[in-house]
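Reading through the structure tokens given below for one structure.
2 protein chains.
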Amino acid sequence: MIQALLFDVFGTVVDWRSSLIARFEQMGRDQGLSADWATLVDDWRGEYQPAMNKVRSGQREWTPLEQLHRESLDMLLSKHGLGQVNTQLREEMVRGWHFLHPWPDSVAGLRRLKQKYIIGTLSNGGLRLLTDTAKFAHLPWDVVLCSDLFRHYKPDPKVYLGAARLLDTDPKNIVMVAAHNYDLAAARSHGFKTGFVARPAEYGPRQESDLSAEADWDYVANDFEELAAQLNA
Amino acid sequence: MIQALLFDVFGTVVDWRSSLIARFEQMGRDQGLSADWATLVDDWRGEYQPAMNKVRSGQREWTPLEQLHRESLDMLLSKHGLGQVNTQLREEMVRGWHFLHPWPDSVAGLRRLKQKYIIGTLSNGGLRLLTDTAKFAHLPWDVVLCSDLFRHYKPDPKVYLGAARLLDTDPKNIVMVAAHNYDLAAARSHGFKTGFVARPAEYGPRQESDLSAEADWDYVANDFEELAAQLNA
């Protein structure tokens, strides 16, 4: 009955925080820039939901994530005393989101699931970002579905329903997989099956939310290998 | 400079004609149905462009290929004296387009190209059809781009320009690959690089068009391995 699994990507499949901190630390050494990169990355991610909220609410027209990332970076660099960072470096920092490392279990779990199901992204990232990260991290997606296909950000219904329409099947035949309870709640409200995979280190040592499943999701697993086993893959 | 290759699929990557004839011959034996399956398949494909033309011209609103296939099949079954074929079998026949075999060089060539470039579809097929065929034929796409993302059929400009927008790059950094000159002419008119791969058996022994490159396309190859070599992949 289940035909496809769609995955949230940032935090669920890839470890954006460690990847970006390591990348910026290296960049800092190369460029002779000193900063608290971990705090900068955390602050940058902190701007993620508020920036999308302006689009979600209609206060702002459709704006690709790439542009939201750049705007919030510009604001934060000034705040962190890094206003001297030049345009080229800023572009490289935004492109850092295209080259994120997977969690240790992600690739093996996806490979198992791909043998039995269609596997794809359903992310607020853009198609190019997701494609670059898939190639970098060897994520074997069958399809890349994302915000810029629908010009809406999750949890807008158009994203979930649009994905089901493109897969030409009823939402009940699709499992939405995420490390974030809000994403699963939205997917369930549209008839999707749901799979929670805990990523308690996503936000670093001080993570306080999404530490565990907050509803009776259809599947609850500690990693993708466990999820694959639950789905007989 | 080249970042991505986008491929036409029917005829360019997969051999729809032989695949469908073999499938229907088997179905005929299983169901005790006798027919000239090759002619039925050729006639069915003959309805492909006229059916899309009604959508392209605006005479008909956006209609997915799945539905166009079903309507033309219904018409042809009556014409071929197969009006007794039931609904379930008709659906199976339409789903035959989801399970097409690749040309002998397709998978090896795509695997080479994928090491160096983003590779994707840019097809008038639907996303589910292309995903099913990719899994069936082991086509290692990075992205599946197609008519139902844009709700237009090639050669509508929205398909080519929409693909470049999603890949977040200038068309000059993308090679459109097809066995059909009209597809490449349209892509070139929007600034894409072009690659012609001859598939002189696509339409069977009596093929008369697209036997060779009809313009100075950027790449002209006899198969995907040759194309990969030309692109240093």
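Top to bottom, those sequences are chains L and Z.
Per numbering that gives the first Met the number 0, the very first residue in the first sequence carries number 0; after that it's consecutive.
Per numbering that gives the first Met the number 0, the very first residue in the second sequence carries number 0; after that it's consecutive.
By construction, the Cβ of each residue, glycine as well, lies at the ideal position given by its N, Cα and C atoms.
Once you ignore the five residues that flank L/Trp216 on each side, which residues in its own chain have a CB closer than 7 Å to its CB?
By one-based count along the first sequence, residue 216 of chain L stands at place 217. Closer than 7 Å at the Cβ level, and outside the excluded window around L/Trp216, lie Leu183, Thr193, Gly194 and Phe195.
Nearest to L/Ala200 by alpha carbon, out of L/Ala186, L/Ala178, L/Pro154 and L/Arg187?
Counting from 1 along the first sequence, the entry for residue 200 of chain L is found at position 201. It is L/Ala178.
L/Phe6 - partner residues in DSSP beta bridges
Here residue 6 of chain L refers to the residue found at position 7 when the first sequence is read from its first residue. Beta-bridge pairing links L/Phe6 to L/Thr120 and L/Val176.
Would you mind stating whether L/Leu99 and L/Val13 have Cβ atoms separated by less than 8 Å?
Numbered from its first residue, the first sequence carries residue 99 of chain L at position 100. Numbered from its first residue, the first sequence carries residue 13 of chain L at position 14. Yes, they are a contact pair.
Kindly indicate if chain Z contains any beta-carbon less than 8 Å away from that of L/Arg127.
Walking along the first sequence from the start, residue 127 of chain L turns up at place 128. Chain Z, which has a Cβ nearer than 8 Å to the Cβ of L/Arg127, makes this yes.
Do you know whose CA, among L/Pro101, L/Glu70 and L/Gly125, lies nearest L/Val143's CA?
By one-based count along the first sequence, residue 143 of chain L stands at place 144. In terms of Cα proximity to L/Val143, the closest of L/Pro101, L/Glu70 and L/Gly125 is L/Gly125.
Buried or exposed: Z/Arg16, going by 16 or more other Cβ atoms within 10 Å of its Cβ?
Start at 1 with the first residue of the second sequence, and residue 16 of chain Z comes out as number 17. When all chains shown are included, Z/Arg16 counts as buried.
Can a CB atom of chain Z be found closer than 8 Å to the CB of L/Lys171?
For the purposes of this step, residue 171 of chain L is taken as the residue at position 172 of the first sequence. Cβ-Cβ to chain Z under 8 Å: no for L/Lys171.
For the region 110 to 125 of chain L against the region 145 to 157 of chain L, are there 3 or more C-beta pairs whose distance is under 8 Å?
Because the criterion of three Cβ pairs below 8 Å is met, the region 110 to 125 of chain L and the region 145 to 157 of chain L touch.
Is it true that the CB of Z/Ala214 sits closer than 8 Å to the CB of Z/Asn180?
Sequence index remark: in the second sequence, residue 180 of chain Z carries index 181 (1-based). Sequence index remark: in the second sequence, residue 214 of chain Z carries index 215 (1-based). Yes, Cβ-Cβ distance for Z/Asn180 and Z/Ala214 is below 8 Å.
Proximity of L/Trp140 and L/Thr120 at Cβ, strictly below 8 Å:
Start at 1 with the first residue of the first sequence, and residue 140 of chain L comes out as number 141. Start at 1 with the first residue of the first sequence, and residue 120 of chain L comes out as number 121. Result yes, Cβ atoms of L/Trp140 and L/Thr120 sit closer than 8 Å.
Proximity winner among L/Gly108, L/Ala163 and L/Thr130, relative to L/Trp245 (alpha-carbon distances)
Any property of residue 245 of chain L remains undetermined from this structure, which presents chain L solely from 0 to 232.
Rounded straight-line distance, which links the Cα of Z/Gly31 to that of Z/Ile117:
Start at 1 with the first residue of the second sequence, and residue 117 of chain Z comes out as number 118. Start at 1 with the first residue of the second sequence, and residue 31 of chain Z comes out as number 32. Each residue's alpha carbon lies about 45 Å from the other.
Other residues of its chain near Z/Arg69: CB distance less than 6 Å, five sequence neighbours each side excluded:
Walking along the second sequence from the start, residue 69 of chain Z turns up at place 70. Here the set comprises Val93.
In this structure, does DSSP put Z/Leu144 in helix, strand or coil?
For the purposes of this step, residue 144 of chain Z is taken as residue 145 along the second sequence, with counting starting at 1. Residue state for Z/Leu144 is assigned as strand, using DSSP reduced to three classes.
Rounded to whole angstroms, what's the CA-CA distance from L/Ala212 to Z/Leu19? Just pull it up for me.
Stepping through the first sequence from its first residue, residue 212 of chain L is reached at position 213. Stepping through the second sequence from its first residue, residue 19 of chain Z is reached at position 20. Those two C-alpha atoms are separated by around 47 Å.
So, with DSSP's three-state summary, where would you put L/Val54?
What you label residue 54 of chain L is simply residue 55 of the first sequence in a count that begins at 1. Here L/Val54 sits in helix by DSSP.
Cβ shell of L/Ala37 (< 6 Å), same chain only, five flanking positions each side left out:
For the purposes of this step, residue 37 of chain L is identified with residue 38 of the first sequence, where counting begins at 1. Contacts found: Ile20.
Roughly how many whole angstroms lie between the Cα atoms of Z/Val158 and L/Gln114?
The sequence position of residue 158 of chain Z within the second sequence is 159, counting from 1. The sequence position of residue 114 of chain L within the first sequence is 115, counting from 1. Straight-line Cα distance between these residues: approximately 30 Å.
Which of helix, strand or coil does DSSP assign to L/Lys192?
If you number the first sequence from 1, residue 192 of chain L lands on position 193. Three-state DSSP puts L/Lys192 in a strand.
If you draw a straight line from the alpha carbon of L/Gln83 to that of Z/Asn231, how long is it in whole angstroms?
As a first step, residue 83 of chain L is located in the first sequence; it is residue number 84 there, counting from the start. As a first step, residue 231 of chain Z is located in the second sequence; it is residue number 232 there, counting from the start. In a straight line, the C-alpha of L/Gln83 is about 40 Å away from that of Z/Asn231.
How many whole angstroms separate the CB atoms of Z/Arg89 and Z/Asp73, which I take to be in contact at a CB cut-off of 8 Å?
To locate residue 89 of chain Z, count along the second sequence from 1; it is residue 90. To locate residue 73 of chain Z, count along the second sequence from 1; it is residue 74. Right, their Cβ atoms sit about 7 Å apart.
Give me the chain Z residues within the contact set of L/Asp215, using Cβ-Cβ distance strictly less than 9 Å, ordered along the chain.
Mapped onto the first sequence, residue 215 of chain L falls at position 216. Residues of chain Z passing the Cβ test: none, with the nearest at roughly 30 Å.
Helix, strand or coil for L/Tyr159, going by three-state DSSP, please let me know.
For the purposes of this step, residue 159 of chain L is identified with residue 160 of the first sequence, where counting begins at 1. It is helical.
Could you check the C-alpha separation between Z/Gln2 and L/Glu91 for me, to the nearest Å?
The residue labelled residue 2 of chain Z in the question sits at position 3 within the second sequence. The residue labelled residue 91 of chain L in the question sits at position 92 within the first sequence. The straight-line gap from Cα to Cα measures roughly 17 Å.
Chain-ordered neighbours of L/Val143 on chain Z, where CB pairs are closer than 8 Å:
Reading the first sequence from its first residue, position 144 is the one you call residue 143 of chain L. For L/Val143, the residues of chain Z that pass the 8 Å Cβ criterion are Asp141, Val142 and Val143, in the order they occur in the chain.
Between the C-alpha atoms of Z/Ala220 and Z/Asp7, what's the straight-line distance to the nearest angstrom?
For the purposes of this step, residue 220 of chain Z is taken as the residue at position 221 of the second sequence. For the purposes of this step, residue 7 of chain Z is taken as the residue at position 8 of the second sequence. Each residue's Cα considered, the two are about 15 Å apart.
Does any CB atom of chain L fall closer than 8 Å to the CB of Z/Asp167?
Translated into the one-based positions of the second sequence, residue 167 of chain Z becomes position 168. Closer than 8 Å: yes.
Buried or exposed for Z/Gly203, going by 16 or more other Cβ atoms inside 10 Å?
On the second sequence, position 204 is the one that residue 203 of chain Z refers to. Looking at its Cβ environment, which holds fewer than 16 other Cβ atoms inside 10 Å, Z/Gly203 is exposed.
DSSP state of L/Val12, grouped into three classes?
Within the first sequence, the letter at position 13 stands for residue 12 of chain L. Three-state result, L/Val12: coil.
Shortest alpha-carbon distance to Z/Leu210 belongs to which of Z/Ala197, Z/Pro103 and Z/His79?
Reading the second sequence from its first residue, position 211 is the one you call residue 210 of chain Z. For Z/Leu210, the closest C-alpha among the options Z/Ala197, Z/Pro103 and Z/His79 is that of Z/Ala197.
Are the CB atoms of L/Leu128 and L/Leu64 within a distance shorter than 8 Å?
Mapped onto the first sequence, residue 64 of chain L falls at position 65. Mapped onto the first sequence, residue 128 of chain L falls at position 129. The answer is yes: Cβ separation under 8 Å.
What does DSSP give as the partner residues of Z/Pro101 in its beta bridges?
Position 102 of the second sequence holds residue 101 of chain Z. In the DSSP output, where bridge partners are listed per residue, Z/Pro101 has Z/Val13.
Residue(s) in a DSSP beta bridge with Z/Val219
Here the question's residue 219 of chain Z lines up with position 220 in the second sequence. Residue pairing by DSSP places Z/Val219 opposite Z/Phe195 in a beta bridge.
Is the distance from the Cβ of L/Leu4 to the Cβ of L/Ala162 below 8 Å?
Mapped onto the first sequence, residue 4 of chain L falls at position 5. Mapped onto the first sequence, residue 162 of chain L falls at position 163. Remark: C-beta atoms of L/Leu4 and L/Ala162 do not approach each other more closely than 8 Å.
Where the alpha helix (DSSP H) through Z/Gln87 begins and ends:
By 1-based counting over the second sequence, the position of residue 87 of chain Z is 88. For Z/Gln87, the enclosing alpha helix (DSSP H) has its first and last residue at Thr86 to Arg94.
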